[in-house]
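To keep things clear, I will list the structure first and then write my remarks on it.
Chains as they are written, first to last, in this note's numbering: chain A, 103 to 291; chain B, 19 to 442.
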């Protein structure tokens, strides 16, 4: 289990960081081109937007793991551990159901409306390889949503399995953790 | 409407993330009303919600802030603030406020600001004998300066949603930010006198030059951003990219404190932080769409207008609505949901769109320092190891000051509009 986790963690981390690097590089190239060479890349703006879409959905699972997706656990922290576990199970179930629906309709949406070629790539690949080059369709942009949310659903599913295991063995939800070391680093002065 | 609200509240109470609660409330409405054909609109709205060139500003400004923070800029800023105001009675409390003000120039969000300033200032203040809850509360309310001073993620989103000039918005936020910083300073000085808080240790003479040099880059960044946007040199999105390069240069060359590993970590943290924000924006876009089917914006607007059509009363009602929304939602989500209502009532309120933007952002930010969804309170509470209840109680008078600035923002147009008009 932890093997899979570290794998997806490292892989997605590498991909999303790379996307952000490309995004930043493209923006900088764009500014430099405009001021130094008086020209610009017509496809850059669009590619940057698609990078934002891909990066956002793909990193959703990491955001969830790092607690960047905000939840209010006030009530859950106040009740007995057993009740808290029941709440957590209900929450995970509902989240999974929503995400699975979104994955299903996300794929449908991508298949149904994603047929036209990506405009930016028509310029980019057309310039590079001539007009005969087949251009990937918008499907590949829209695919980010079902893929990213699917990963998030899997991740929450893993939590759910663990919570159900706790439930069956008669335990409660572990007590809320204190502040993580990350939040209190520094502190010199 | 009731179904949407009930599902959302119930899901939130269960501890389901805000973004997913928004999605659940939307889908439960679609299912309950048999709008199955509209389920296909959910992914479409989510993608459309974040498919915006201006929104690219958000990850880039987060990255610039993270890089600056990784380069130990926070410590530099705090040292500089200590040199300026540390000798006053209640020195560290004032240092906290001034540091928040300076750090606001590199950070675009209250949360980033609270964790950066809080991790340095809260332990320092506690060591100096301040109550942890007071240190945490001051950091929390001080972090509201983050989104008021350029760069500001919330102002970018407001600009993107309404088409208001982001350059103007960035300039307009500065006045209220200084008003809040001023009021907070007066308050902590008064508290220091009443409770006999100590002065901070004097910075050794030989360190003063280094402290000043170290803090200059932080003060220059907002100037570059606003100057660049207003001067027509680059678009807001490009300004954010330039800010990242600036942060890399400052951290790598001037401070020499930025290793490749830390740069990678900053990029990674940026990716996850902005993914969290984008997920909320995407889900809120779906909820706004569903509310649109129900004509909720029109109904709310009509209800407001039926109470009164006087601008002052309308503004008051809008602010109350925003405060309530801000209690339960993150600013970004609240802004997306409120926009359609705004479109209906704004023309009657007689507020400049720029002034309105500052009002909305400041109002929703106050929601960040009030429970139940008070992200900033969670952060500072975790740093200071005090309960949410304690921080909230300590923050109440300070929140009062923020509400006063909100009132001034509405009542005194020059507070926001003077700077943009000056630099036309």
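A virtual CB, placed ideally from N, CA and C, is assigned to each residue, including glycine.
By a beta-carbon distance limit of 8 Å, residue 114 of chain A contacts residue 164 of chain A. Their separation comes to about 6 Å. When the five nearest sequence neighbours on each side are left out, the beta carbons in the same chain lying within less than 6 Å of the beta carbon of residue 109 of chain B are those of 217, 218, in order along the chain.
For residue 60 of chain B, the nearest beta carbon of chain A is closer than 7 Å to its own beta carbon. For residue 126 of chain A, the nearest beta carbon of chain B is closer than 7 Å to its own beta carbon. Within the model, the alpha-carbon separation for residue 367 of chain B versus residue 204 of chain B is close to 33 Å.
Taken atom to atom, the span from the alpha-carbon of residue 133 of chain B to that of residue 225 of chain A is near 43 Å. Residue 161 of chain A has a beta carbon lying within less than 7 Å of a beta carbon in chain B. For residue 354 of chain B, none of the residues of chain A pass the 7 Å Cβ criterion, the least Cβ distance being about 15 Å.
For residue 169 of chain B, not one C-beta of chain A is nearer than 7 Å to its own C-beta. In this structure, B:86 is the residue among B:397, B:86, B:65, B:154 with its C-alpha nearest to the C-alpha of residue 121 of chain B. Any Cβ of chain B closer than 7 Å to the Cβ of residue 118 of chain A would place that residue at the interface, and such an atom is present. Taking the C-beta atoms as reference points, residue 162 of chain A is found no nearer than 7 Å to residue 171 of chain B.
Close CB contacts of residue 136 of chain A within its chain, under the 7 Å cut and outside five residues either way in sequence, are with 142 (chain order). Contact between residue 216 of chain A and residue 239 of chain A holds, with the beta-carbon distance rounding to 5 Å and staying under 8 Å. The straight-line gap separating the alpha-carbon atoms of residue 372 of chain B and residue 223 of chain B is approximately 44 Å. If you check the CB distance, residue 440 of chain B and residue 370 of chain B do not come in under 7 Å.
Annotated three-state conformation of residue 248 of chain A is helix, per DSSP.
Apart from sequence neighbours up to five positions away, the residues of its chain that approach residue 187 of chain A with a beta-carbon distance below 7 Å are 265, 268, 269, 274, 275, ordered along the chain. Taking C-beta atoms under 8 Å as the contact rule, residue 386 of chain B and residue 380 of chain B fail to qualify, at a distance of about 11 Å. Where residue 224 of chain B is concerned, the enclosing alpha helix (DSSP H) starts and stops at 223-248. Residues 251 of the same chain have their beta carbon placed closer than 6 Å to that of residue 204 of chain A, with the five preceding and five following residues left out of the count. Using a CB distance cut-off of 7 Å, residue 191 of chain B does not count as an interface residue toward chain A. Residues of chain A with a Cβ closer than 8 Å to the Cβ of residue 45 of chain B are, in chain order, 200, 203. The secondary-structure analysis by DSSP pairs residue 239 of chain A across a beta bridge with A:219.
Per the C-alpha coordinates, the member of B:274, B:353, B:90, B:117 positioned closest to residue 103 of chain B is B:117.
Interface annotation for the segment 168-185 of chain A against chain B: 168, 170, 171, 172, 173, 174, 175, 176, 177, 178, criterion Cβ-Cβ distance under 8 Å. The three-state secondary structure of residue 171 of chain A, taken from DSSP, is coil. Within the segment 34-121 of chain B, the complete alpha helix (DSSP H) runs of at least 4 residues fall at 36-50, 59-68, 75-88, 91-103, 109-121. For residue 404 of chain B, there is no enclosing alpha helix (DSSP H), since its DSSP letter is neither H nor E. Rounded to whole angstroms, the gap between the alpha carbons of residue 160 of chain B and residue 169 of chain B is 16 Å.
In the DSSP assignment, residue 439 of chain B falls within the alpha helix (DSSP H) that extends over 431-440. Of the residues assessed, residue 115 of chain B falls on the buried side of the cut-off, its CB having 16 or more other CB atoms within 10 angstroms. In the pairwise beta carbon analysis, the segment 74-92 of chain B is classified as touching the segment 283-303 of chain B: at least three pairs are separated by under 8 Å.
Chain A places a beta carbon closer than 7 Å to that of residue 294 of chain B, counting this residue as a contact. Taking 7 Å as the CB threshold, residue 130 of chain A lines the interface with chain B.
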